[in-house]
Amino acid sequence: MIRFLLLLLLMFTPLQAMAEDEEIVLGLSQNRVAITARFDGSDILLFGAVKRESPIPDDPLEVIVTVEGPSGPLLIRRKERRFGIWINSKVLEVDSAPAFYAVASSGPLSEVLERIENERYNITVDRNIQTVTSTVEFGNTKEFSTALVRIQQENNSYQVLENAVVVDQQTLFRTSISLPSNLTEGDYQARIFLTRGGSVISQFTTTIDVRKVGLERFLYNLAHEHAPIYGILSLVIAVVAGWGASAAFRLIREG
Amino acid sequence: MNIYLPIAEVSVNAFLLFGLGGIVGILSGIFGVGGGFLITPLLFFVGIPPAVAVATSANQIVASSVSGLMAHLRRKTVDLKMGYVLLAGGMAGSGIGVVVFNYLRSLGQVDLLVRLCYVVFLGIIGALMFVESLRAIQRARKAGGVVPKKRKQRNWIHALPFKMRFRTSSLYISAIPPLIVGFAVGLLAAIMGVGGGFIMVPAMIYILGMPTKVVVGTSLFQIIFVAGFTTLLHAITNNTVDLPLALFLLIGGVIGAQVGTSIGVKLKAEMLRVLLALLVLSVCGKIALELLIEPSELYSLAQPGAEK
Chain Y
3 MIRFLLLLLL
13 MFTPLQAMAE
23 DEEIVLGLSQ
33 NRVAITARFD
43 GSDILLFGAV
53 KRESPIPDDP
63 LEVIVTVEGP
73 SGPLLIRRKE
83 RRFGIWINSK
93 VLEVDSAPAF
103 YAVASSGPLS
113 EVLERIENER
123 YNITVDRNIQ
133 TVTSTVEFGN
143 TKEFSTALVR
153 IQQENNSYQV
163 LENAVVVDQQ
173 TLFRTSISLP
183 SNLTEGDYQA
193 RIFLTRGGSV
203 ISQFTTTIDV
213 RKVGLERFLY
223 NLAHEHAPIY
233 GILSLVIAVV
243 AGWGASAAFR
253 LIREG
Chain B
410 MNIYLPIAEV
420 SVNAFLLFGL
430 GGIVGILSGI
440 FGVGGGFLIT
450 PLLFFVGIPP
460 AVAVATSANQ
470 IVASSVSGLM
480 AHLRRKTVDL
490 KMGYVLLAGG
500 MAGSGIGVVV
510 FNYLRSLGQV
520 DLLVRLCYVV
530 FLGIIGALMF
540 VESLRAIQRA
550 RKAGGVVPKK
560 RKQRNWIHAL
570 PFKMRFRTSS
580 LYISAIPPLI
590 VGFAVGLLAA
600 IMGVGGGFIM
610 VPAMIYILGM
620 PTKVVVGTSL
630 FQIIFVAGFT
640 TLLHAITNNT
650 VDLPLALFLL
660 IGGVIGAQVG
670 TSIGVKLKAE
680 MLRVLLALLV
690 LSVCGKIALE
700 LLIEPSELYS
710 LAQPGAEK
């Protein structure tokens with residue numbers, strides 16, 4: 003297997019050299035996303051051009067854009083029927099799965115990207131979910147990771163946007179990725195791949211900084227760094243609000 | 410108007426939260442239940458992560474209970490002495506309950522246990538209350554609207570030592586039964602993650618024989634402390650209390666509790682019990698169905714650490 007991969011690597015080396023010919027120049031509508039109290043999702047516009055010194059090759063140029071949120075461990079549970087009721091039975095611990103992942107491409111992924119290239123550059127989301135085989139006490143982990151992708155796709159955390167990248171005259175490209183409102187903060191990595199005939203010929207990586215700001219930042223830090231104070235503050239607010247409402251209502255009734 | 414919650418890390422509609430708080434506040438004012446067994450599932454439904462939902466609803470319960478208690482204090486329908494006795498038992502119970510909860514969590518399946526607890530306790534309490542209060546209504550009808558004066562119960566409870574006089578409840582009983590009731594409710598509340606009002610209210614009516622009018626205020630009094638204790642514990646150990654979320658819920662909640670209290674005093678005691686029984690039974694039915702019917706999504710995602 004390793005030898006086979008090495009062979010493949012050697013085969014693609016000429017392509018890698020060719021990549022020098024076409025280079026990506028990228029622009030972002032914003033490289034910072036500020037999560038404020040009124041944050042309700044955000045659209046990020048990625049646009050750019052292909053810089054080249056040689057004439058345009060015959061194969062059409064395709065563009066793939068991925069945006070990946072911070073990764074972390076995750077548990078996937080499956081329910082099973084035992085004694086007539088549905089209970090969680092099997093658990094798969096995922097070592098690392100991104101909190102957000104979007105793939106946009108200029109055509110159907112199966113056409114613009116060779117499988118082997120996907121395995122090399124980890125472009126589709128399933129290539130970015132790592133499971134530890136040692137913690138698995140049962141056969142099929144594939145079902146679990148498929149379920150993970152399915153659930154995340156349903157709540158828009160994983161997105162596959164085929165034909166969403168517009169390419170003009172094999173030189174200009176643009177796409178828009180919408181970040182959902184249930185965003186986790188962290189460094190979001192945006193990658194842009196140029197492909198011809200299913201092979202990656204050039205790539206470019208940049209980071210989008212997603213951070214809580216203002217009151218959101220303050221409360222988050224307080225809750226994590228001064229938990230007892232935060233807890234007491236919550237209680238004081240609750241008691242004052244309860245008492246205040248009661249007093250206000252009495253005033254309204256009597257006055 | 411959507412707002413982003415810093416701890417829950419989701420964006421939700423502020424008016425929706427306000428409304429949820431209000432509904433639960435009204436129920437809390439009418440029945441003297443904290444509403445934890447209602448608001449937590451409702452928050453799951455809105456998309457708040459379970460750990461945050463449990464911790465934050467405890468905080469909102471404190472607010473609506475304070476608001477309700479104030480209204481009851483003015484009407485002098487709180488038996489403070491009984492409240493303190495129940496509380497003493499309750500604190501001991503919830504302390505041990507937390508230990509039991511953590512032990513069960515280390516075994517796994519704590520989620521299932523909590524659900525089974527809900528179904529069993531809600532089912533038993535709801536059914537008993539429903540039958541009893543319907544009979545009371547029938548009796549009241551037969552007697553031409555005049556409720557026959559209840560015979561003073563004389564059972565084993567009155568044979569116990571350490572008798573105390575609870576003037577507001579017009580009871581002269583041993584301090585042991587309230588202590589045990591408080592302890593048991595505290596224990597269950599800690600395991601089930603709720604204030605325990607829906608167990609406490611029936612226990613006060615049927616086991617201690619307190620008058621229904623006094624029961625609600627007294628229950629609210631002891632819920633404040635149990636829920637407050639829970640909030641602090643969650644805030645310190647899990648950092649899962651979301652202040653903005655709590656704030657929106659409790660603005661709705663405290664107003665709702667005031668409205669609920671004024672509705673509650675207008676309702677007949679038997680009516681109050683029938684309604685509470687129906688509420689308890691419907692929550693029980695919903696949880697039971699979830700356990701029995703095949704879920705459409707067999708898989709679920711969780712953060713490791715939150716349930717370890």
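Residue numbers (the numbering used here), protein chains in the order written: chain Y, 3 to 257; chain B, 410 to 717. Each residue gets a CB set at the ideal place from its N, CA and C atoms; glycine is no exception. In this text the structure is predicted, and so the values were computed from the model without any measurement.
Compare the beta carbon distance of residue i and residue j with 8 Å and say whether it is the shorter of the two.
i                            : j                            : result
glycine 236 of chain Y       : leucine 681 of chain B       : The question names glycine, but residue 236 of chain Y is serine in the sequence shown. Their beta carbons are not under 8 Å apart, which means serine 236 of chain Y does not touch leucine 681 of chain B by this criterion.
leucine 30 of chain Y        : phenylalanine 102 of chain Y : no
aspartate 125 of chain Y     : valine 105 of chain Y        : The question names aspartate, yet the displayed sequence has isoleucine at residue 125 of chain Y. Yes, Cβ-Cβ distance for isoleucine 125 of chain Y and valine 105 of chain Y is below 8 Å.
serine 178 of chain Y        : leucine 47 of chain Y        : yes
glycine 637 of chain B       : phenylalanine 427 of chain B : no
phenylalanine 539 of chain B : leucine 698 of chain B       : no
valine 674 of chain B        : arginine 484 of chain B      : yes
glutamate 218 of chain Y     : proline 415 of chain B       : yes
aspartate 42 of chain Y      : serine 183 of chain Y        : yes
tyrosine 708 of chain B      : arginine 80 of chain Y       : yes
valine 65 of chain Y         : leucine 196 of chain Y       : yes
leucine 63 of chain Y        : arginine 152 of chain Y      : no
valine 624 of chain B        : isoleucine 614 of chain B    : yes
alanine 240 of chain Y       : leucine 659 of chain B       : yes
threonine 209 of chain Y     : leucine 28 of chain Y        : no
valine 528 of chain B        : isoleucine 696 of chain B    : yes
valine 167 of chain Y        : serine 107 of chain Y        : yes
phenylalanine 575 of chain B : lysine 490 of chain B        : yes
leucine 496 of chain B       : phenylalanine 634 of chain B : yes
isoleucine 26 of chain Y     : leucine 701 of chain B       : no
serine 503 of chain B        : leucine 596 of chain B       : yes
valine 692 of chain B        : phenylalanine 440 of chain B : no
valine 683 of chain B        : isoleucine 534 of chain B    : no
Go through its chain and collect everything with a Cβ distance to residue i's Cβ below 7 Å, but skip five positions before and after it.
i                        : result
serine 466 of chain B    : Gly445, Ile448, Thr449, Leu452
proline 458 of chain B   : Ala417
valine 162 of chain Y    : Val105
tyrosine 413 of chain B  : Ser420
glutamate 706 of chain B : none
alanine 21 of chain Y    : Only weak support is given to the placement of alanine 21 of chain Y: the predicted model assigns it a pLDDT of 47, under 50, and the value that follows is read from those uncertain coordinates. Excluding residues within five positions, the ones whose Cβ falls inside 7 Å are Ile203, Ser204.
Whose C-beta lies closer than 8 Å to the C-beta of residue i among residues of the same chain, with five residues either side of it excluded?
i                      : result
serine 269 of chain Y  : Any question about residue 269 of chain Y goes unanswered here, given that chain Y covers just 3 to 257.
alanine 612 of chain B : Val590, Ala593, Val594
leucine 150 of chain Y : Leu76, Ile78, Val96, Ala99, Ile131
serine 473 of chain B  : Gly430, Val433, Gly434, Ser437, Gly438, Gly443, Gly444, Leu659, Gly662, Val663, Gly665, Ala666
proline 59 of chain Y  : Arg198
leucine 531 of chain B : Phe446, Phe607, Val689, Leu690, Val692, Cys693, Ile696
leucine 642 of chain B : Val507
Looking at C-alpha atoms only, which residue of the options is the closest neighbour of residue i?
i                            : options                                : result
glycine 50 of chain Y        : Y/Phe146, Y/Leu94, Y/Glu24, Y/Ala36    : Y/Glu24
threonine 646 of chain B     : B/Val461, B/Phe440, B/Val455, B/Arg550 : B/Val461
glutamate 679 of chain B     : B/Leu496, B/Gly430, B/Phe630, B/Ser542 : B/Ser542
serine 579 of chain B        : B/Thr670, B/Phe510, B/Val487, B/Lys677 : B/Val487
glycine 71 of chain Y        : Y/Asn33, Y/Asn120, Y/Leu253, Y/Asp189  : Y/Asp189
valine 650 of chain B        : B/Thr627, B/Ile470, B/Leu687           : B/Ile470
phenylalanine 510 of chain B : B/Phe424, B/Ser476, B/Arg576, B/Thr639 : B/Thr639
valine 69 of chain Y         : Y/Val127, Y/Glu145, Y/Leu111           : Y/Val127
glutamine 32 of chain Y      : Y/Ala192, Y/Arg252, Y/His226           : Y/Ala192
proline 110 of chain Y       : Y/Val215, Y/Val67, Y/Val52, Y/Ile26    : Y/Val67
aspartate 61 of chain Y      : Y/Glu113, Y/Ala39, Y/Arg40, Y/Ile89    : Y/Glu113
Identify, in the order they occur along the chain, each residue of the same chain with its Cβ nearer than 6 Å to the Cβ of residue i, setting aside the five sequence neighbours on each side.
i                       : result
glutamate 82 of chain Y : Ser91
serine 136 of chain Y   : Low confidence applies to serine 136 of chain Y: its pLDDT is 45, below 50, so where it sits in the model is not reliable, and the reading given next is rough at best. The answer is none, since no qualifying residue turns up.
lysine 558 of chain B   : With a pLDDT of only 47 at lysine 558 of chain B, under 50, the local geometry of the prediction cannot be trusted, and the value read off the model is given with reservation. Hits under 6 Å: none found.
arginine 54 of chain Y  : Asp23, Glu24
valine 35 of chain Y    : Ser44, Val212
valine 668 of chain B   : Ile435
valine 242 of chain Y   : none
leucine 154 of chain Y  : First, the residue type needs correcting, since residue 154 of chain Y is glutamine and not leucine in the sequence shown. Cβ neighbours of glutamine 154 of chain Y beyond the five flanking positions: Tyr160.
I think residue i touches residue j, with their Cβ atoms under 8 Å apart; what is that distance to the nearest whole Å?
i                        : j                            : result
proline 586 of chain B   : isoleucine 616 of chain B    : 6 Å
isoleucine 37 of chain Y : leucine 221 of chain Y       : That pair is no contact at about 12 Å.
tyrosine 123 of chain Y  : alanine 644 of chain B       : That belief does not hold up - the Cβ atoms of tyrosine 123 of chain Y and alanine 644 of chain B are roughly 44 Å apart, past 8 Å.
leucine 478 of chain B   : phenylalanine 630 of chain B : 6 Å
serine 476 of chain B    : serine 248 of chain Y        : 5 Å
serine 201 of chain Y    : glutamate 116 of chain Y     : 6 Å
threonine 143 of chain Y : leucine 94 of chain Y        : 6 Å
glycine 492 of chain B   : threonine 627 of chain B     : 5 Å
glycine 498 of chain B   : alanine 598 of chain B       : Actually they are not in contact, since the Cβ atoms of glycine 498 of chain B and alanine 598 of chain B sit about 12 Å apart, beyond 8 Å.
In chain D, which residues lie with their C-beta within 7 Å of the C-beta of residue i?
i                     : result
lysine 144 of chain Y : Absent from the structure is chain D; the protein chains it does hold are Y and B.
What ranges does the beta strand (DSSP E) occupy inside the region 144–201 of chain Y, keeping only unbroken runs of at least 3 residues that lie completely in it?
160–163, 168–170, 174–181, 188–198
Complete runs of the alpha helix (DSSP H) confined to the region 488–543 of chain B [at least 4 residues]:
489–516
Can you give, in chain order, each stretch of the beta strand (DSSP E) that sits fully within the region 35–95 of chain Y and has at least 3 residues?
44–54, 63–70, 73–84
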